[in-house]
Amino acid sequence: MDLKNRVAIITGASSGIGRAIALAMAGDGARLVLTARRADKLQDLADEIATLGSDARVVIGDITLAETAEIVTETALRAFGAIDVLVNNAGYAPPMMLVDLTEDIWDVTLNSCLKSMYLMTRAALPAMLRQDSGRIVQISSVAGKHGYATRTAYCAAKWGMQGFTEALREEITDTGLRIHTVHPGSVATEWWDNTDDPQSTQVLERMMDPEDIAQAVIWVLIQPDNVQIDEVVVKNYRSPWTNV
Ligand code: NDP
3 MDLKNRVAII TGASSGIGRA IALAMAGDGA RLVLTARRAD KLQDLADEIA TLGSDARVVI
63 GDITLAETAE IVTETALRAF GAIDVLVNNA GYAPPMMLVD LTEDIWDVTL NSCLKSMYLM
123 TRAALPAMLR QDSGRIVQIS SVAGKHGYAT RTAYCAAKWG MQGFTEALRE EITDTGLRIH
183 TVHPGSVATE WWDNTDDPQS TQVLERMMDP EDIAQAVIWV LIQPDNVQID EVVVKNYRSP
243 WTNV
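Number 183 in the working numbering belongs to position 181 of the sequence shown; there are no gaps in the numbering.
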């Protein structure tokens with residue numbers, strides 16, 4: 003896929019990996035619909051994208067609500083007339099041992115990492131099926147392939163994302179749509195701020211940058227349609243752990 007003038011929706015675009023994906027895609031000429039809750043950060047990003055000569059629309063909202071996903075879809079179709087790429091990236095998951103994991107934190111994690119992805123994909127899919135073309139990129143995690151202490155809810159969400167992805171791949175197998183998963187290891191983003199998780203201090207200096215993940219997403223997107231790429235794992239060779 004040539005990204006020039008393609009229309010991409012990116013959830014969780016206000017910071018970290020989503021922001022880096024937005025800038026990388028805009029640099030390749032894509033037109034974007036960016037969504038998250040923090041209006042100032044999204045507007046700053048849209049302004050930066052305008053200086054790159056590309057066009058970005060902003061939808062402020064909670065992506066765990068069906069209404070937000072519908073507005074994002076309508077914005078893409080009204081502004082640009084198509085949805086060529088959907089990047090399901092939004093998520094939030096505070097690290098916590100299971101004995102301390104409250105129902106509230108479980109719900110926040112499952113809703114932001116998993117329900118948001120279901121709602122956004124369900125909303126965008128009819129237009130993509132009508133086009134009979136397009137790519138969905140799931141930003142999962144190495145925690146979607148391995149289990150980690152303090153990550154029971156997060157692992158449940160990301161493994162759930164993978165089950166959803168494999169089932170949807172079967173549903174769209176005879177269409178022009180493709181769905182891919184990118185599993186990042188540890189990436190230096192706001193995700194790790196304000197956490198007393200011991201893992202964060204251990205891996206802090208060995209983390210990847212959000213731009214590393216953005217480049218992996220671009221690589222997946224520009225592969226020809228006849229090349230099937232189901233999953234890409236992106237890890238830092240300097241990490242002291244095989245699975246991080
Ligand atoms: P950030 O905290 O920097 O970004 C998370 C993004 O998700 C923000 O834009 C935030 O926007 C958005 N978001 C969270 N909850 C909601 C919500 N309810 N409604 C709308 N937007 C929401 O973290 P990362 O960039 O690191 O994380 C992005 C993705 O990458 C996540 O899915 C995460 O699981 C995955 N990942 C991250 C890794 C890492 O080490 N950082 C490693 C592996 C995977 P706002 O607050 O403005 O609403």
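Each residue gets a CB set at the ideal place from its N, CA and C atoms; glycine is no exception.
Predicted, not measured: the structure shown is a model, and the values here were computed from it.
* Through-space distance from Arg39 to Asp46, alpha-carbon basis -> 13 Å
* Asked: For the candidate residues Leu223, Ser135, Asp214, whose alpha-carbon lies nearest to that of Asn238?
  -> Asp214
* Asked: Which one of Gly31, Gln140, Ala151, Ser135 has the shortest CA to CA distance from Val101?
  -> Ala151
* Is DSSP giving Ile215 helix, strand or coil here? -> helix
* **Element boundaries [beta strand (DSSP E), containing Val89]** => 87-90
* Within 10 angstroms of its Cβ, does Arg59 collect 16 or more other Cβ (buried), or is it exposed? -> buried
* **C-alpha gap between Ala68 and Glu105, whole angstroms** => 21 Å
* Asked: Once you ignore the five residues that flank Ile73 on each side, which residues in its own chain have a CB closer than 8 Å to its CB?
  -> Val61, Gly63
* In three-state DSSP terms, what is Ala58? -> strand
* Residue interval of the beta strand (DSSP E) (run including Arg33) -> 33-38
* Helix or strand or just coil, what does DSSP make of Ile65? -> coil
* With a cut-off of 8 Å, do at least 3 Cβ pairs link the region 188-196 to the region 153-172? -> no
* Excluding sequence positions up to five away, which residues of its chain have a Cβ less than 8 Å from the Cβ of Asp30? -> Leu5, Lys6, Ile220
* To which residues of the same chain is Ala48 closer than 7 Å at the C-beta, ignoring the five residues directly before and after it? -> Leu36, Ala58, Val60
* To do: Can you tell me which of the three DSSP states Ala24 falls into?
  => helix
* Consider the C-beta atom of Ala84 and the heavy atoms of ligand 1; say whether any pair is separated by less than 7 Å. => no
* **Residues near Arg33 in its chain [Cβ-Cβ closer than 6 Å; skip 5 each side]** => Val9, Asp57, Phe82
* With 16 other Cβ atoms within 10 Å as the buried cut-off, status of Gly20 -> buried
* Is Arg250 near ligand 1, with its Cβ less than 7 Å from a heavy atom? -> As displayed, the chain neither begins before 3 nor continues past 246, which places residue 250 out of reach and without an answer.
* When we look at the beta-carbon of Thr111 and count the other beta-carbons within 10 Å, is it buried (16 or more) or exposed? -> buried
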